[in-house]
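Shown next, in structure tokens, is the structure this report addresses.
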Amino acid sequence: MFAFLVRRLGQAVIVMLVISILSFSIQDELGDPLRELVGQSVSEAVRNELREEMGLNDPFLVQYWRFLRNAVQGDLGTSYFFKRPALEVIMDKLPATIDLVVAATFWILAFSIPVGVFAAIRPNHLFSKLAMGFSIVGISVPVFLTAIFLIYLFAVELGWLPSYGRGDTLIMFGDWETSLMTIDGLTHLLLPSISLASVILPLFVRIIRSEMMEVLESEYVKFAWAKGLKKRRIWMLHAFKNTLLPVITVGGVQLGIMVSYTILTETVFQWPGMGFMFLEAINRVDTPLIVAYLIVVGLIFVITNTVVDIIYGLVNPTVKLTGQQ
Amino acid sequence: MPLLSVNNLEVVFPLRTGLVTAIKDVSFDLEQGERIGIVGESGAGKSVSAFAILNLISKPGYLAAGSILFNGRDLASLGEEEMRQIRGNEISMIFQDPMMTLNPVLTIGTQMEETILAHKNMSRQEARKISVAKLKAVQIPSTETRLTQYPHELSGGMRQRVVIAIALLSDPAIIIADEPTTALDVTIQAEILELLLNLCNDFDVGLILITHDLGVVSEVTQRILVMYAGRIIEQGPTHQVIARPMHPYTQGLLGALPEKTRPGQRLNQIPGVMPTLQEIPAGCPFHNRCNQIQAVCKVDLPILGGTGSRAVACHFPLNR
Ligand SMILES: Nc1ncnc2c1ncn2[C@@H]1O[C@H](COP(=O)(O)OP(=O)(O)O)[C@@H](O)[C@H]1O
Ligand code: SF4
Ligand SMILES: [Mg+2]
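Residue numbers (the numbering used here), protein chains in the order written: chain A, 4 to 328; chain B, 23 to 342.
The following block contains the structure:
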């Protein structure tokens with residue numbers, strides 16, 4: 004386990020370095036930071052002085068090295084717009100996004116597993132065929148369309164659910180603000196989380212179904228039948244545990260990708276998370292905030308992948324987390 | 023009354039191209055403790071016959087006709103739960119490839135204990151004790167640690183021993199072994215075969231041994247059935263059939279055995295290949311490969327029949 008974590012950590016550092024280089028180098032493409040800071044009215048001479056002072060005239064590598072040194076110490080620069088450390092701004096927004104992702108993940112797991120398994124066991128059942136049909140629709144309709152449709156139906160027409168904002172929140176563990184603990188928060192969370200899950204949930208249903216159907220044809224499942232096991236045990240243990248392996252691999256990546264879908268979802272629902280913040284930062288050319296966002300999202304990706312790898316290793320006995328043979 | 027009496031089994035597969043008959047008119051008896059062999063080329067219908075006995079024909083296939091009398095009960099008419107109680111309990115199976123037969127994500131111990139617990143009302147500890155005893159019976163060293171291991175930690179030969187131990191767990195009356203040595207290393211085939219033979223003798227277990235290798239059958243079984251294109255075309259006591267085959271196909275199979283061939287001589291392969299289910303010819307299914315063929319063979323299907331312990335499905339049998 005230790006060797007595994009060390010190796011994984013090494014990989015994570017490399018990935019983060021690549022992400023940091025990429026996000027740092029797009030800075031130059033985003034326009035002159037001075038214009039955002041001081042506006043148009045300042046003379047060219049003063050600008051040049053400021054530029055020199057901020058180190059903007061230094062060679063790329065020198066600037067990057069300075070950036071990296073600060074980043075390691077948790078300093079990702081100062082947001083032009085908020086006039087506060089970029090990381091602090093993101094940390095303020097992070098809980099709202101986590102709420103959204105947690106709720107969406109809950110929908111995905113709670114529905115894709117039973118539906119996918121059922122569709123694999125009873126492929127000719129009417130329910131399975133309907134589920135497969137719907138899943139195609141779900142995968143093909145973009146998140147923002149689903150979101151707009153849900154708002155129209157449940158917020159505008161029926162008036163059952165709120166269409167924007169987080170609702171009541173509760174502060175937990177010192178300063179972690181969550182909507183998951185209040186009824187009002189949960190009602191606000193309902194539509195955004197369903198929208199966010201709307202593409203990945205049907206994808207999961209299809210992956211689980213097809214992987215499980217393949218496993219059900221395997222020799223070891225036939226042997227399990229020949230041993231006279233009860234069908235529940237064959238389906239839920241023998242077949243499902245083997246289905247999990249490919250599902251974890253593909254699914255883990257999808258859950259990571261979900262973070263990028265939060266940009267759309269949060270924007271449509273005005274959900275005050277870091278996806279919404281990111282879009283605003285782009286509009287305001289708030290370069291430090293953009294770079295900081297990319298790095299935080301990269302970090303989330305790396306962490307998710309590591310967790311997924313650990314879970315995979317726990318399910319699959321041929322992977323040795325201990326790193327020994 | 024024989025322990026197992028299989029009568030006129032017919033299994034069909036409704037495929038997109040139409041209904042195909044995989045086996046037809048398959049009948050044989052098995053006495054208590056008897057060992058019979060089913061031989062034939064790949065695709066002859068051996069596995070389908072075996073799975074049909076346990077009502078485990080893979081979809082979309084189904085049993086279209088026939089009865090399977092086991093201890094006087096017709097397995098073909100049993101309900102799902104009654105059938106489950108027979109499988110792995112009174113009739114066990116051993117599969118061909120031990121690399122694929124054991125579940126990769128469950129320990130050997132789990133896969134053994136669950137088999138006992140599926141049929142008997144006892145504690146895990148008791149089931150564990152039985153598992154250990156059976157692992158000893160198949161001569162697996164350090165049995166206790168084996169139980170905690172996963173299949174990938176064992177060699178192919180060891181895994182097949184585990185599979186045999188699983189088949190023995192509930193002291194079955196019959197074991198159906200579908201090509202149990204085909205996937206193994208040549209060096210350990212004989213070892214596993216001898217083990218199987220000894221266990222069946224020691225525990226008085228009936229054996230249905232499926233193989234495409236007449237050599238294997240001659241070492242282990244008392245009676246053999248030869249299958250071709252879904253039908254039994256010859257049957258009789260093993261030594262008699264091998265010494266004096268009556269069906270030209272059986273003779274061809276025997277001629278193709280390496281030990282019947284002098285060094286340097288070419289193997290006497292039967293010309294041509296077995297027809298697929300869709301293209302079985304009218305008359306005798308073997309007629310386009312037969313060297314004894316006469317006009318009637320292309321028209322009339324020969325029926326399995328004979329005198330005493332032997333039977334053959336051929337208009338012009340050999341060695342009468
Ligand atoms: N699941 C299936 N679907 C369609 N046809 C099948 C299936 N299983 C077996 N068959 C057909 O049944 C015939 C006999 O197969 P099998 O009993 O496996 O042969 P073998 O004697 O090699 O064990 C084959 O020709 C095959 O085409
Ligand atoms: S019936 Fe005719 S074709 Fe068929 S095996 Fe006998 S001799 Fe050959
Ligand atoms: Mg076979």
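Cβ atoms here follow ideal geometry from the backbone N, Cα and C, with glycine treated the same way. None of the values given here were measured: they were computed from a predicted structure.
Item: F357(B): CB within 7 Å of a non-hydrogen atom of ligand 2; Value: Here chain B has residues from 23 to 342 only, and residue 357(B) is not among them.
Item: Outcome for N93(B) when other beta-carbon atoms lying within 10 angstroms are tallied against a minimum of 16; Value: exposed
Item: Chain B contacts made by the segment 216–227 of chain A, where a contact means CB separation under 9 Å; Value: E220, S221, E222, Y223, V224, K225, F226 and A227
Item: Alpha carbon of R69(A) to alpha carbon of V202(A), nearest angstrom; Value: 40 Å
Item: D322(B) in three-state terms, based on DSSP; Value: coil
Item: Chain-ordered residues of the segment 151–175 of chain B with a beta carbon less than 8 Å from chain A; Value: Y172 and H174
Item: Span of the alpha helix (DSSP H) around E283(A); Value: M277 to N286
Item: Same chain only: Cβ atoms within 6 Å of G326(A), ignoring 5 sequence neighbours per side; Value: In this prediction, G326(A) has a pLDDT of 43, which is less than 50 and means its spatial position is unreliable; nothing more can be read from the coordinates.
Item: DSSP state of W163(A) mapped onto helix, strand, coil; Value: coil
Item: Per-residue DSSP class, three states only, for F121(A); Value: helix
Item: Whole runs of the beta strand (DSSP E) within the segment 178–227 of chain A, excluding any shorter than 3 residues; Value: 179–181
Item: Contact test: H241(A) Cβ vs ligand 2 heavy atom, cutoff 7 Å; Value: no
Item: Cβ separation of A229(A) and G294(B), assumed to be a contact under 8 Å, to the nearest whole Å; Value: The pair is not a contact, with the Cβ atoms about 34 Å apart (cut-off 8 Å).
Item: Rounded straight-line distance, which links the Cα of I313(A) to that of L11(B); Value: With chain B covering 23 to 342 only, the question about residue 11(B) has no answer from this structure.
Item: Of the residues A199(B), P24(B) and L326(B), the one placed nearest I113(B), counting alpha carbons only; Value: A199(B)
Item: Closer than 8 Å to chain A by CB, G110(B); Value: yes
Item: Where Q328(A) sits in the DSSP three-state scheme; Value: Because the pLDDT at Q328(A) is just 35, under 50, the model does not fix this residue reliably, and the value given afterwards should be weighed accordingly. Coil, per DSSP.
Item: Close beta carbons around D284(A), own chain, < 8 Å, minus the five adjacent residues each side; Value: What sits at residue 284(A) in the sequence shown is Ala, not Asp. Counting only Cβ-Cβ distances below 8 Å, and skipping sequence neighbours, we find S82, F84, L292, I293 and Y296.
Item: Chain B within 8 Å of T252(A), Cβ atoms only; Value: no
Item: Beta-carbon proximity check, M215(A) vs V120(A), cutoff 8 Å; Value: yes
Item: Rounded Cβ spacing between G62(B) and M249(B) (contact assumed at less than 8 Å); Value: 4 Å
Item: Neighbourhood of V208(A) by C-beta, 6 Å cutoff - its chain only, sequence neighbours within 5 removed; Value: S115, V118, G119 and S138
Item: Range covered by the alpha helix (DSSP H) that runs through E175(B); Value: Taken as a continuous stretch (DSSP letters only), E175(B) belongs to no alpha helix (DSSP H), as it is neither H nor E.
Item: DSSP state of F35(B) mapped onto helix, strand, coil; Value: strand
Item: Contact set between the segment 187–215 of chain B and chain A, restricted to residues whose Cβ is under 8 Å from the partner; Value: I188
Item: Chain A contact for V127(B) (CB, 8 Å cutoff); Value: yes
Item: Bounding residues of the beta strand (DSSP E) (the contiguous stretch that carries G255(A)); Value: Per DSSP, G255(A) belongs to no beta strand (DSSP E); it is in the alpha helix (DSSP H), F243 to V271.
Item: Proximal chain B residues relative to V208(A), where beta-carbon distance stays under 7 Å; Value: By Cβ distance, chain B contributes nothing, its closest Cβ being about 22 Å from V208(A), past 7 Å.
Item: At least 3 beta-carbon pairs within less than 8 Å: the segment 298–306 of chain A vs the segment 261–279 of chain A; Value: yes
Item: The segment 225–241 of chain A touching the segment 134–147 of chain B, judged by at least three CB pairs closer than 8 Å; Value: yes
Item: Buried or exposed (CB count within 10 angstroms, at least 16 for buried), R1(A); Value: Residue 1(A) is absent from the structure shown; chain A starts at 4 and stops at 328.
Item: Buried versus exposed, by CB contacts within 10 Å (16 or more), Q161(B); Value: exposed
Item: T329(B) burial status per 10 Å Cβ neighbour count (16 or more: buried); Value: exposed
Item: Spatial neighbours of F338(B) in its chain, beta-carbon cut-off 7 Å, leaving aside the 5 residues before and after; Value: Q314 and Q316
Item: Listed by chain order, chain E residues near R106(B) by CB distance under 9 Å; Value: This model lacks chain E altogether, as its protein chains are A and B.
Item: Under 9 Å from the C-beta of T108(A): neighbouring residues of chain B; Value: Chain B residues near T108(A): none, gap ~24 Å exceeds 9 Å.
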